[in-house]
Amino acid sequence: MRKQLMTLAAAAILALTVLAIPSAQPIHAQGDQPIVCDSTLITLLYVAEHDYGFHSMMDVSKFDKGQFAPLFDAMMKGMMESTPEAMMDSTPEMMMESTPAMMESTPEAMMGTELRAGAVAGEPEACTQLRAEVEGYLSAKFSEGMMMK
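Each residue of the sequence shown is one higher than the one before, counting from -17 in the numbering used here.
And the structure:
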């Protein structure tokens, strides 16, 4: 049973990795114009960065933060003033350490309806890719938190 669970978890991680590689390519905006997405995506980005230590593979400085710009600015200022020990709180190594916890999930937790990713008609491709990256990160983070309880 445990071997089947490990195989299922490894297959799920492999599938997520294979599907995520094409969306992890850098985005090059045309000109110096910021990329404008919807407020929900920018809010999710802020929550993921501020509360969960998310660091995008994309250059999020290219995205227009709109009315949320002061929040991002304050967060960045706080990061610059923090100690080196605090900066190490969300390293890739720590993310890898959390993977075994995710692999110990039950089949019941891994089953369920797979909801389609949110899509905003006519939004820039960069917004769609950032949305998928943030949603995937938060989903993994929330699942990890659920499994630790």
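Where a beta carbon is used, it is the ideal one built from N, C-alpha and C, also for glycine. Remember, predicted model here, so these are calculated numbers, not experimental data.
- Bounds of any alpha helix (DSSP H) do not take in Gln49, whose DSSP letter is neither H nor E.
- Closest in alpha carbon position to Ala30, among Met39, Tyr119, Ala51 and Asp46, is Tyr119.
- Rounded to whole angstroms, Val42 and Leu23 show a C-alpha spacing of 12 Å.
- Between Val116 and Leu27, the gap from beta carbon to beta carbon is short of 8 Å.
- Within the same chain, Leu112 and Glu115 come within 7 Å of Ser38 by CB-CB distance, once the 5 residues on both sides are set aside.
- A residue is called buried when at least 16 other Cβ atoms come within 10 angstroms of its Cβ; Lys59 does not meet this threshold and is exposed.
- By the 16-neighbour rule on beta-carbons within 10 angstroms, Ala103 is exposed.
- Taking the C-beta atoms as reference points, Glu107 is found no nearer than 8 Å to Asp20.
- For the 8 Å CB-CB criterion, Thr25 and Phe50 form a contact.
- For Val29, the uninterrupted alpha helix (DSSP H) run begins and ends at Ser21 to Tyr34, by DSSP.
- In this structure, Thr95 sits away from Ala101, with a CB-CB distance that is not shorter than 8 Å.
- Contiguous beta strand (DSSP E) elements confined to the region 107 to 131 do not occur, taking only those with 3 or more residues.
- Taking the C-beta atoms as reference points, His32 is found nearer than 8 Å to Met57.
- A straight-line Cα-Cα distance of about 26 Å links Asp55 and Ala122.
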